[in-house]
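Before any comments, here is the structure.
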Amino acid sequence: MDFLLTVSRERPGTLSAQIQSQVRQAVRDGSLRAGTPVPSTRELAAQLGVSRKVAVDAYAQLAAEGFLALRQGAMPRIAAGPFPGAAGAVSRPADGRPVRYDFRPARPDVSSFPRAAWARCLRDAVTEISVADLGYGDPFGTDALRNGLAGHLGRVRGVVAERERIVVTNGYLQGLGLICRALAGRGARRIAFEDPSSGEEARIASGAGLEAVAVPVDGLGLRVDVLAARQVDAVVLTPAHQHPTGVVLAPERRTALITWLRTRGAIAVEDDYDAEFRYDRPAVGALQGLDQDHVVYAGTVSKVLAPALRLGWMVLPSALVDAVRTEKLLLDQGTARIEQLAFAHFLQRGDLDRHLRRMRLRYRRRRDTIIAALASSLPEATVRGIAAGLHVTVELPGTADEAAIAAAARERGISLATMADYWSEGGRPPALILGYSQMTEDRLWSGVRELAAVVRSR
Ligand SMILES: Cc1ncc(COP(=O)(O)O)c(C=O)c1O
526 MDFLLTVSRE RPGTLSAQIQ SQVRQAVRDG SLRAGTPVPS TRELAAQLGV
576 SRKVAVDAYA QLAAEGFLAL RQGAMPRIAA GPFPGAAGAV SRPADGRPVR
626 YDFRPARPDV SSFPRAAWAR CLRDAVTEIS VADLGYGDPF GTDALRNGLA
676 GHLGRVRGVV AERERIVVTN GYLQGLGLIC RALAGRGARR IAFEDPSSGE
726 EARIASGAGL EAVAVPVDGL GLRVDVLAAR QVDAVVLTPA HQHPTGVVLA
776 PERRTALITW LRTRGAIAVE DDYDAEFRYD RPAVGALQGL DQDHVVYAGT
826 VSKVLAPALR LGWMVLPSAL VDAVRTEKLL LDQGTARIEQ LAFAHFLQRG
876 DLDRHLRRMR LRYRRRRDTI IAALASSLPE ATVRGIAAGL HVTVELPGTA
926 DEAAIAAAAR ERGISLATMA DYWSEGGRPP ALILGYSQMT EDRLWSGVRE
976 LAAVVRSR
């Protein structure tokens with residue numbers, strides 16, 4: 526049985542990865558259909574001139590991702606589908622209508638979740654977890670993960686982190702709630718958010734009893750001069766890649782912010798948003814590296830792996846450690862510990878580094894594609910925020926009605942966000958926010974073409 530694959534040691538990626546990506550692509554573009562038999566690992570290895578182990582590894586990963594059906598004694602086949610990331614795969618958001626083109630931002634390509642590697646880490650965590658660790662333990666988390674994070678964050682983000690100041694959370698948003706309650710408990714009243722930013726964060730702060738105050742963002746990032754005039758006790762910001770504009774906080778603003786924090790005795794919460802996905806130059810180091818007494822560093826696996834894991838972390842100033850420990854204890858006694866150990870293994874084995882390297886290449890190709898597709902189909906738009914992250918912002922000529930465009934797009938199965946969806950007090954040009962992480966290149970081309978037709982028709 527012939528299988529149209531070619532592999533070469535001269536090409537980037539391992540031989541197994543080359544087999545996997547060609548099979549995924551063939552399934553997604555429909556040239557390999559559900560139920561089609563494929564060669565056994567022995568036949569494939571012989572056909573390609575590779576070791577049997579290469580073929581076995583490739584099939585195991587493809588089976589774990591749902592592309593292949595493997596049964597003892599039966600011929601391997603392409604699975605029944607639906608396939609992750611396949612052109613015809615549809616997701617259904619809350620309004621129940623199917624999404625044909627999913628441009629919603631802030632979502633990673635979860636169809637690329639490294640299932641086999643995670644399954645290995647989870648199995649080892651279950652096998653190895655100590656009897657003591659199966660109890661409640663420290664609400665800040667397991668020593669294994671906190672030690673692992675201390676090393677990882679120092680290495681990749683320049684964060685100054687000792688285990689004692691690290692709390693493992695059920696994601697960034699939980700961490701923000703913990704900080705807001707801890708700050709309110711020690712007398713804070715007002716907290717600033719970037720304008721624009723996600724309204725969810727301001728609601729979390731209000732729920733903790735803090736007044737949320739908007740501070741504008743311009744081409745250099747947060748307006749620190751405006752912040753200084755607002756009499757706030759804390760500020761939440763995304764310095765690596767402002768969400769959603771994509772602006773990086775300029776060096777002079779970083780310095781001004783640190784000076785303001787020290788003078789006022791205020792706290793900054795650094796949401797290290799999208800720092801892992803920077804395509805044209807290395808990421809600037811974390812703000813927290815400049816001041817560990819006034820900056821809370823916050824991270825999450827939601828963009829690098831999958832939101833479903835509900836796993837995040839914060840590195841705290843020493844003065845906040847006790848208050849946050851009390852809040853975390855009262856809230857849930859600590860984050861799920863078996864998953865913490867699995868993630869500790871994932872970090873320690875280099876699985877995260879490997880996954881990020883793979884995804885950075887994939888997202889970069891998709892980013893280049895959406896820029897080219899927009900230039901071709903919507904040349905009158907200004908595309909910003911391209912250097913990093915998983916989305917671009919697309920400014921439309923002055924009279925465009927974002928909400929009407931989003932509604933008309935939705936009618937045609939195209940899901941997207943607009944700048945109006947973000948918490949904002951100021952005037953701004955109408956803009957669409959288009960995530961590109963979840964679609965293959967050919968889908969991005971056709972999706973942008975259809976979206977451009979919607980924009981033109983308004
Ligand atoms: C600004 C911002 N940062 C980070 C996140 C990730 O949050 P979590 O880690 O809780 O999934 C979100 C999710 O909506 C967000 O809006």
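Each residue of the sequence shown is one higher than the one before, starting from 526 at the first, in this note's numbering.
From the three backbone atoms N, C-alpha and C, an ideal C-beta is built for every residue, glycine too.
Proximity test, residue i beta-carbon vs ligand 1 heavy atom, cut-off 7 Å
| i | result |
| --- | --- |
| GLN699 | yes |
| HIS766 | no |
| GLY732 | no |
| SER949 | no |
| GLU986 | Residue 986 falls outside the range modelled here, since the chain spans only 526 to 983, and no answer is possible. |
| TYR798 | yes |
| GLY696 | yes |
| SER723 | yes |
| PRO630 | no |
| GLU719 | no |
| SER827 | yes |
Coarse secondary structure for residue i, derived from DSSP in three states
| i | result |
| --- | --- |
| PHE528 | coil |
| GLU966 | helix |
| PHE871 | helix |
| VAL908 | strand |
| ILE654 | coil |
| TYR626 | strand |
| ASP663 | coil |
| ARG981 | helix |
| ALA713 | coil |
| ALA614 | Only weak support is given to the placement of ALA614: the predicted model assigns it a pLDDT of 49, under 50, and the question is left unresolved by the model. |
| PRO562 | strand |
| MET839 | strand |
| VAL760 | strand |
| ASP816 | coil |
| GLU736 | strand |
| ARG632 | coil |
| ILE729 | helix |
| ASP847 | helix |
| PRO832 | helix |
| VAL579 | helix |
Between the CA atoms of residue j and residue i - distance to the nearest angstrom
| i | j | result |
| --- | --- | --- |
| LEU752 | ALA912 | 26 Å |
| GLY710 | VAL919 | 41 Å |
| VAL988 | THR694 | Outside the shown range of the chain (526 to 983) lies residue 988, about which nothing can therefore be said. |
| ARG850 | ALA730 | 18 Å |
| PRO807 | ALA765 | 11 Å |
| ALA583 | ARG640 | 13 Å |
| LEU703 | LYS853 | 7 Å |
| ALA733 | THR784 | 27 Å |
| MET944 | PRO955 | 7 Å |
| GLN873 | GLY673 | 7 Å |
| LEU866 | LEU812 | 28 Å |
| MET964 | ARG889 | 12 Å |
| LEU836 | LEU845 | 20 Å |
| ARG887 | ALA686 | 30 Å |
| ALA848 | ASP816 | 20 Å |
Residue i at chain B interface by Cβ criterion, 8 Å
| i | result |
| --- | --- |
| ALA580 | Going by chain labels, chain B is absent from the structure shown, which holds only one protein chain. |
What are the complete alpha helix (DSSP H) segments, minimum 4 residues, inside the stretch 916-956?
927-936
4 or more residues per run - each alpha helix (DSSP H) lying fully within the stretch 531-559:
Runs of the alpha helix (DSSP H) inside the stretch 531-559: 540-553.
Examine the Cβ distances between the stretch 672-691 and the stretch 716-730 and report whether three or more of them are shorter than 8 Å.
no
Could you say if the stretch 595-604 and the stretch 558-574 meet the contact criterion of at least three C-beta pairs nearer than 8 Å?
yes
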